[in-house]
Structure formats: structure tokens, C-alpha cells
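Residue numbers (the numbering used here), protein chains in the order written: chain A, 8 to 417; chain Y, 9 to 446.
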């Protein structure tokens, strides 16, 4: 294949070639980064929360209760659990202090040694008077669930009493006691002399924090067997049987209102909705980037088609002469495809540099992640392929030019 | 200059090659639409919500974190104040107005039996809240010094909540059960939605999604031991109970100081430093960390109200517009190069190079105008689509006159810049070569 004539022709006609190469470069720089960000966001939004059967779990927050003091509050909370458990279609009920992915709840500093000045980690604080692991399907990878003797009802307005035992997530156990078995070890809530110690009795595979942050920070959680009797509100979570979620929620609302003497405020939400809201921004960005990527490819393709068509029109006589001198259709086709490949390659090289440069900017200014090499390779292939497909139409038209054109003057 | 004639020529030439023209206008329109819609959102999000006051409204903060585990230079644990420090701001001898506030989520039992009880989100604030943030009143007014001192159970409602509870009647003087206590309505705020919600960024739905529906006195909320709805940061284990919370170093309150002029910022800084020094003598503020004072723009920047994702979108849109520009240059080049014979004839008939240049530049301007029109329609569509996604975005996805004009100007300018090279090429055509048979 004669490269030199093609190169010579290109050098004489630099402007058009440069324009196409620049378009390919800009597209590729943006596309490589865009696809990378889409993947990262998708991965973040797909992380499991720890709740095994998310589609069939919901929670309800009941407010404005316990006006008569801690004993009444405790009695009401117990009654609500009974009410919820008695609804048909319910597989499990638990009272719990907060829910993952809701951005609502509290965390504590945790440490492994009372002499520490810095925390080991900041962990979410899930409180429950029982049945939480079963209701949410949390998998125990070591140790045991809570036993009846572990649970405490605490009025934190009058006492500093706390739990003796705690269940932690595997991520937190690995952070606090790397490489060791965490069961039986002592951990501290808080740091320093006033820190409260607790014994780890169980490790669950996964339970995200209420904020579900990106990275390990979103996986540090503690579960304690405490029910507070002085908060004035309570959260309950229910695992319904498949297909019964909506009906169970409706029945639950009616039953709860009937069970309380004073007007209560209830807020129901499914875990599916919670997940959607937590990752709404990430998914929106991902969709926007996908749309932009498709548009980028379309516009670049249209640019290639436009420029190639122009060249075919400008060189009609030349092509006719070549055909008259003996060139076959496939030779003309190959000429244009090779020419386009050279231009696209220039664009791809510039695009790789552009993608890396753009990524540096994003990492420095907007706290994004580094671009893996795979995206540059993939991007190059995508644009080479795009070039070939885009130029095929005009190239075929060129190949169909009749040799008789060589003898005409116009 | 034959502007009108060239304009007509431009329009006519658009029709000559409809496919190419359509492609050009579409490409330009998409690029413009992408840029304008993301810029609109950025524009609203980063707008100054209270321009005539934003440089003399300050958030004064001390760092009351524990010294254990602290290295000088570490970021503070929270951007709010403890009860003790908040009260100190309230009593400070600086500024025209001082406000302390925290978010609450009280339950409301409506006089209307059919509504039952429901929760709302609101703010417990001292009396100067309304004057400082210039809230418009529909009925009644805020409360005064006496109510603040007594912790009186008075309440101001937002317009939507008042209409929900009382319809169109003036509810001032009516009684309402809030958090189980009897409150008297003293005022109703007219529709008030500053964007971003700069006075209540932390918690409660954030700077764009949240809605404050009730306002009651800070001292009344404290008197009833009302919990916070928002964020609280506690680094030391305090005494149990509400009184323990008030005595302790948990931070959960937002303080504000308004001065008469921007220059009085130094007075606020001086007072804060003085106060911190006094507190250190009493054994508090062991970290000895620098105190912070933010005015409104600094506060918005510090709290990252315009998030990274929005900036990413804006940069992406510009990159996209750049691509569309280069693409348009290519298409215009193609379009103009087939017109070489026409240029040759015009030049032979006496047109100067400059006149050819103006003719073709105006033609690109026409393309720009058409692209701008289509781009505007696409941008409005894109904004509407984005608004569907979330409350946050729908609050800011509105185009104002500035952005509208900007769309057209950007489109025409972009087309003309793209057209410079092809137009210059077009003028270089030598008439003699074109007049010969090809």
C-alpha cells in the first residue's frame, strides 16, 4: 500500500486533516474520562448495604411518642413491635436506631486502647433491642448474635449506663485488629479515660453506615443491644414476604395508629427508595456522561463523514483518472480508508495526551479518580473503528466514480 | 455596507444544501444547549443570595475541640457552635444584629381534625433572625426582646404551612399545638426561598432542597428541651440529660453577626479573639486553634455549596462546545469551498476581498442565530429534564433573562469564530482561476 502518495496529498491539504484529527483528539480526551467516571459512579451505587433482601424491607419512623416518660415510652415501643409482628406477610420485625443510606443517624469514635489519643475509626451506631440480624439478613462471619441477657433498656437522660457487648462489621474488625480474630477483644467507644469499653461478641460481613460514604469509611458500623427510652421517637424495620410489601405497609400504618392512644406521626419508606435517593446524584451524573459520550461519537463521526465527502467531491477527476489508468474499486476504497486511518491515528495520539492531561486536571481540581490505562486503549480502538465506519460511505461513493470522468473536462 | 443584502444571501444559502445546513445548525445547537444548561445551573447555584449584605453578614466560630489527638493545623471537627459559645455571640458588643439558631423538626397538631399530627422542619432562632435575613412578612411580625427573654411560646409560620392549616384566613393570634406545647401564631412569612439557603446549610435538607416551615424563639425551644434536627458533633462525653448538653462542648448551633459596614469585620474578629483568649484562661478551648470568621460568599465556598459535580458538568459542557466549534469549522469549510465559483464571479464583478469576507461572516452569523434558536429550545428541554430528577435541581434549573440573552450571544459568537478560517479561505479565491472552465 503506497503510504507516500497519501502522505503527500495530506500534507498539501493540511487544514481539513488537522480539523478531523483535532475533533478525534478532543472527543477521545473527554470520552475516556467520561466513561471512567460513569464506571466509578456505577460501582459506588451498586455496593450492597448489608441488608440481604433489600426489595422487601421497609422501615417506619414513629414520632411524638413517650410523652408520659421513659416507662410509657418503653411500653409503647414494645407494643409497636407486637403490633407489627402480628401483621400477616411479615417475616421479621426489629426496632433499630438508624437505617443505612438515609444520611440520618449518629456515629462514634472507636478505639482499641484506652491510652489512644486519636480514634481508630469513626463507626455508625446501630442500636437494637433484638432481632436485627435476622430481620435484615446480616451474615455472621464470626462469633454469635446477641443473647437475651445482653439487651438493656437505657434512659440516657438519667444514666451513663452502656452496653457490655457489641457486634461489629468485618471492615471495622479488620481496621481495629488487623489479621487477628476480633471475637472476645475489647474495643472502646470514645478515647481516653472516659471511653466506654465493650467486648466484641460477633462480626457481620457487611453493614454500611447511614451515610454510606465512598470507601472503607462507609463500612465501619457497630451494633449494640440497647433500646433508649427517652428519645420521643422510634424506628422499626420490617422484612415482608416477597410480593407483599405494599399491602404490609398499608396494614402496618393502620395498625400502628390504632395501637397508640395519642396521635402519632409515621413516615414509611422502603429500602429501594432510600437507595435511589442516596445515589440519585451519582446516577444522574452517570446518565449525563453516557448521553454526552454518545453525542461525542455522533458529532465526531459527522465531522469525519463531512470532511471525507468534501475530499471525494474535490478529487473526482483525480479518482476518475486513476480508475481509467487501471485502479480497481477496492484500491480506491483502500486509499481513502488508509488516509482516514492515518488522520485518526494522529488524533488518537493527541487524544491520549489530552485524556491524561484532562484527568490530571480533574484529579487536582475536582477530586476525581486517576484514569486507568485500559480506558486509553479502549478509547483508541473505539475511535479507530469509528473512523473506518464513518469514512466507508464516502469511500464507497469514491470507488463508484466511473473512469469515464477522466476524459471529461468539467 | 450591504448588511441587509448579505443577510438575505445568508438565509438563502442556508436553503441551498439542506442536509449540510441542518447538520451544521444541529451540531452548533447541541453544543450551545449543553453549555447553556449546565451554566444556568451553575449560575443559580453560585449566585449571591443577599448581594447587598453578603459582605457584612458573618459566621463567627471558635474551635472547642479536645486537645487529645490534635495536631496544630488540623481541620476543626465541626462548623457550628456550642450552647455556651452561641450565647456569648448573642451577648457580644459588636455588630448591629446577632442571631443564634438551630434546626428543629417539631410535630404539629393542627386545629383541623382531619389533618392529624405531622412533622415539619423549622428553625429555633433569636428575635433578630427576621431582620438579619430580611424575611418578607405576609401577616403579623416576628417577636421582640421580651419574648426572647421569657422564652415565650410564639411561632411564625411559612406561607404554605399557614395555608395548609388555616386556608386564606389571617391566623395571627390563633393557637397551635407544637411539640406538645401550646404556641401562639404571631406572624406568617410570605413566600421566601433564597437560593442557596445560605442561612441553613448544615442539615435540614441542605442548601437547595430544604424548606423551613416554622420559626420559633431559640429560648423557647431550649426551655422545652427541644432536640436538634440537623447535625451535632460531640467530642467529649458530657453529663447526661439536656442540661448536660447545654453545659458541654457539643456543637449544634449556628451563630451569625451582622455589622453596619463590611469594614467592621475587623471588630468582629477582634471580639472573637478576645473572647477566645478569655475562655482559654477559664480552661476551655485547649486546642488554641485560630478562630474563624466567614462572610456569606466565603461561607458558601467553604461549605462547598457548589459541589464538584456541578463544576465537572460545566467543564464538560465547555469541552463539548469546543468539539462542536471545531466540527462547525470543518462543515463551514466544506460549505464554502464548493462556492468558489460564486466567489470568483463576485470578485470579477468588483467585490473587494473585504466585502467577500463580510458576506461570508454574516452568513455564519445567520447560522449562529439559527443554531442559537434551536439551542435555546434544546436547553430549555434539557433543563426541564434535569429538573425532573430531584428537588435540588428543579429549584435551580430556571433560565433568567441574562442566560437567555447569553445563549444567543454565545451561539452567534461561536459560529462567527468558527467561521473565521473558512471565510478567510473563501476570500483567497483568485477570480481568474474560477472563471476558466473547470
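Quick reminder that beta carbons are idealized off the backbone N, C-alpha and C, glycines included.
Being a predicted model, the structure only gives us computed values, none of them experimental.
Asked, Found
"Option nearest residue 376(A) by Cα separation, candidates 384(A), 365(A), 137(A) and 385(A)", "365(A)"
"Within chain A, the residues that residue 337(Y) reaches when beta carbons sit closer than 7 Å", "26"
"Proximity winner among 76(A), 94(A) and 386(A), relative to residue 262(A) (alpha-carbon distances)", "94(A)"
"The segment 337-354 of chain Y: positions lying closer than 8 Å to chain A by Cβ", "337, 338, 339, 341, 342, 345 and 346"
"Interface flag, residue 49(Y) vs chain A, CB-CB below 8 Å", "no"
"Beta-bridge pairing of residue 117(Y) - partner residues as DSSP gives them", "125(Y) and 185(Y)"
"Selection of the segment 293-319 of chain A by Cβ proximity to chain Y, strictly under 8 Å", "295, 296, 299, 302, 303, 306, 307, 309, 310, 313, 314, 316 and 317"
"DSSP-derived helix/strand/coil call for residue 325(A)", "helix"
"Touch test, the segment 187-201 of chain Y against the segment 262-281 of chain Y, Cβ-Cβ under 8 Å, three pairs minimum", "no"
"Chain A contacts from the segment 101-132 of chain Y (Cβ-Cβ distance under 7 Å)", "115, 117, 124, 125, 126 and 127"
"Chain-ordered neighbours of residue 409(A) on chain Y, where CB pairs are closer than 7 Å", "Those do not exist, as residue 409(A) stays about 18 Å from chain Y at its closest Cβ, beyond 7 Å."
"Closer than 8 Å at the beta carbon, the chain A residues around residue 31(Y)", "309 and 313"
"Identity of the residues DSSP links to residue 114(A) by a beta bridge", "131(A)"
"Three-way DSSP call (helix, strand, coil) for residue 70(Y) in this model", "coil"
"Test item: CB-CB of residue 433(Y) and residue 344(Y) under 8 Å", "yes"
"contact_flag[the segment 404-420 of chain Y, the segment 37-52 of chain Y] where n(CB pairs < 8 Å) is 3 or more", "yes"
"First and last residue of the uninterrupted beta strand (DSSP E) at residue 235(A)", "233-235"
"Length of the line joining the Cα atoms of residue 11(Y) and residue 425(Y)", "19 Å"
"Residue 387(A) at chain Y interface by Cβ criterion, 8 Å", "no"
"Nonlocal neighbours in the same chain, by C-beta distance under 6 Å from residue 331(A), ignoring five residues either side", "410 and 413"
"Residue 251(Y), buried or exposed, once every other Cβ within 10 Å from all chains shown has been counted against 16", "exposed"
"Beta-ladder partner(s) of residue 315(Y), from DSSP", "Its beta-bridge partners do not exist; DSSP assigns none."
"Beta carbon proximity, residue 373(A) to chain Y, threshold 8 Å", "yes"
"Proximal residues, the segment 165-189 of chain A versus chain Y, C-beta separation under 7 Å", "165, 166 and 167"
"Proximity below 8 Å, CB of residue 172(A) to CB of residue 206(A)", "yes"
"Environment of residue 360(Y) [buried if 16+ CB atoms lie within 10 Å]", "exposed"
"Interface residues of chain A facing residue 328(Y) [CB-CB closer than 8 Å]", "37, 299, 302 and 303"
"Chain A contacts made by the segment 246-279 of chain Y, where a contact means CB separation under 8 Å", "248, 249 and 250"
"Rounded Cβ spacing between residue 398(A) and residue 343(A) (contact assumed at less than 8 Å)", "6 Å"
"Contact set for residue 169(A): own chain, Cβ-Cβ below 6 Å, skip 5 residues either direction", "203"
"Cβ-Cβ distance between residue 82(Y) and residue 69(Y) below 8 Å", "no"
"First through last residue of the alpha helix (DSSP H) which encompasses residue 168(Y)", "167-174"
"The segment 57-74 of chain A in contact with the segment 271-283 of chain A per 3-pair CB rule at 8 Å", "yes"
"Nearest neighbour of residue 190(A), chosen from 237(A), 198(A), 175(A) and 48(A) [CA to CA]", "175(A)"
"Proximity below 8 Å, CB of residue 217(A) to CB of residue 106(A)", "yes"
"Cβ-based neighbour list, residue 326(A), same chain, cut-off 7 Å, excluding 5 preceding and 5 following", "339, 405 and 408"
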